[in-house]
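Only one structure is covered here, and it is reproduced in the block below.
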Amino acid sequence: MKRPTIADIARRAGVSKVAVSYALNGRSGVSETTRARIVAIAEEVGWRPNSAARALNGAHARSIGLVLCRPARILGMEPFFMELISGIQDELSARSYALMLQVVKDHAEEIEIHRRWWGERRIDGAILVDLHLSDPRVAVLKELGMPVVVIGHPSAAGSLPSIWSDDRAAVRETVQYLAALGHRRIARIAGLPELVHTVQRDQAFTRTCTELALDHHVIEHTNYTGEQGAQATRRLLSAPGRPSAIVYDNDIMAVAGLSVAQELGVDVPGELSIVAWDDSPLSQVVRPPLSAVGRDIPAYGAHAAQMLMSLIAGEQVQDVQDVTAGLTPRGSTATAKRSP
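Residue numbers are given in the UniProt record's numbering: position 132 of the sequence shown equals residue 132, and the series is strictly consecutive.
Dropping the structure here:
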């Protein structure tokens with residue numbers, strides 16, 4: 001069926017297209033009786049405003065952009081982004097806004113998409129994720145003058161407003177907990193080394209292990225996939241002086257690490273304690289259930305969307321420190337065995 005137009009409504013109402021436009025946009029120039037009749041006909045035929053045309057006339061596009069520079073196959077397996085997007089979408093839906101989502105291979109492509117979306121007035125603003133050190137996107141998006149909220153630490157966000165969580169504090173809590181259980185050899189299987197939050201977690205991990213005078217600590221970087229998480233775990237557990245505890249940067253890798261430990265006959269938690277970052281149902285359905293560092297990720301996404309909507313409305317927005325992730329101990333962590 002053809003999409004109903006203003007011309008269709010005008011014919012049915014017996015008025016001009018200008019009168020229909022005035023009536024549907026709440027402008028003066030038509031009587032209230034005529035306006036009511038036009039609005040009723042528009043509802044009956046299922047007419048909706050053309051958002052692209054409204055944008056060309058200076059109206060809001062009523063959508064925001066989110067570009068993810070990650071392999072699509074990884075995103076489909078990682079609960080963090082699915083939960084983040086659900087929180088963003090819930091907030092936008094309540095305001096009759098849409099989310100434009102695209103997955104790209106690099107920052108150059110991401111920048112080009114933002115330029116096009118903003119130039120074509122397809123979005124009113126954007127959310128920037130996966131902040132890098134010396135991130136080239138920050139300066140470009142600032143130059144565009146587009147409302148942008150960064151999900152990431154303000155130290156690398158330039159003058160763009162950001163919402164962030166204190167990952168350093170969460171890492172300290174986790175390492176201190178494992179040390180209190182008697183673990184002296186702790187490993188961290190981390191994500192991409194160029195990400196700001198990875199660097200901050202690495203620094204906090206190294207500093208805390210040093211302060212506690214642990215016998216040994218090591219960091220292995222990965223691309224967040226279960227495959228690389230398993231490979232890193234296999235290297236660590238097959239080497240002399242293997243760790244008695246491993247902290248993973250996401251739940252996918254932690255579950256993969258648990259499988260590797262079982263494959264090698266390493267008892268969890270008897271011989272190896274495991275902690276996952278970003279709690280999820282996946283962490284809780286495996287056996288033993290994984291101790292995990294978690295927070296309300298949908299709420300995190302909703303808060304970012306609220307900040308962006310305030311920016312779009314022309315309000316001043318300050319950086320926001322969101323709730324710090326907390327550790328939930330479960331069956332995958334236990335007191336370390338004493339060396340004979």
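Glycine residues also receive a C-beta, built at the ideal position from the N, C-alpha and C atoms.
What you are looking at is a predicted structure, and each value in this text was computed from that prediction instead of being measured.
Shown here, T328 sits in a strand according to DSSP, grouped into three states. With distances taken between CA atoms, E91 lies nearest to L308 out of Q316, A313, G331, L308. Each residue's CA atom was taken as its position, placing R201 and R235 some 21 Å apart.
Leaving aside the five residues that flank A179 on each side, the residues in its chain whose CB is nearer than 7 Å to its CB run, in chain order, L212, L214. Residue nearest to N223 within the set E78, P243, G145, T206 is E78 (criterion: CA-CA distance). Sequence-distant Cβ neighbours of V140 in its own chain, meaning closer than 7 Å and more than five residues away, are I111. Ranked by Cα distance from A261, the first of M253, I252, L272 is L272. Rounded to whole angstroms, the gap between the alpha carbons of S332 and E220 is 20 Å. Three or more pairs of CB atoms, one per stretch, sit closer than 8 Å, so the region 144–154 contacts the region 192–199.
Under the 8 Å Cβ criterion, the region 323–332 counts as touching the region 282–290, having at least three qualifying pairs. Close CB contacts of W117 within its chain, under the 7 Å cut and outside five residues either way in sequence, are with G65, M100, I123 (chain order). Closest in C-alpha terms to R11, from the list I38, T33, R3, comes I38. Boundaries of the beta strand (DSSP E) around V150: 148–151. DSSP lists no beta-bridge partner residue for V175. Its Cα nearest to that of R207, the residue Q176 stands out among L192, Q176, G182, A108. Annotation: I74 to T225 spans about 7 Å, alpha carbon to alpha carbon. Residues L131, V138, V150 of the same chain have their beta carbon placed closer than 7 Å to that of A157, with the five preceding and five following residues left out of the count. In the DSSP assignment, Q102 falls within the unbroken beta strand (DSSP E) covering 98–103. Per DSSP, reduced to three states, the secondary structure at E220 is strand.
Taking C-alpha positions only, V45 is separated from A7 by approximately 12 Å. The straight-line gap separating the alpha-carbon atoms of M253 and I163 is approximately 26 Å. Looking at the DSSP output, G65 sits in a beta bridge with M100, A126.
Around the beta carbon of G314, a 10 Å sphere encloses fewer than 16 other beta carbons of the protein chains shown; the residue is thus reported as exposed. Assigned with DSSP and collapsed to three states, A10 falls in helix. In this structure, the beta-carbon distance from R188 to V218 falls below 9 Å. Taking the Cα of G294 as reference, the smallest distance to any Cα among G301, H303, A276 is reached at A276. Secondary structure note for A40: its alpha helix (DSSP H) is the uninterrupted segment 32–45. DSSP, reduced to helix, strand and coil, places Q231 within a helical segment of the structure shown. Considering only P71, H60, E227, the residue with the shortest C-alpha distance to E120 is H60.
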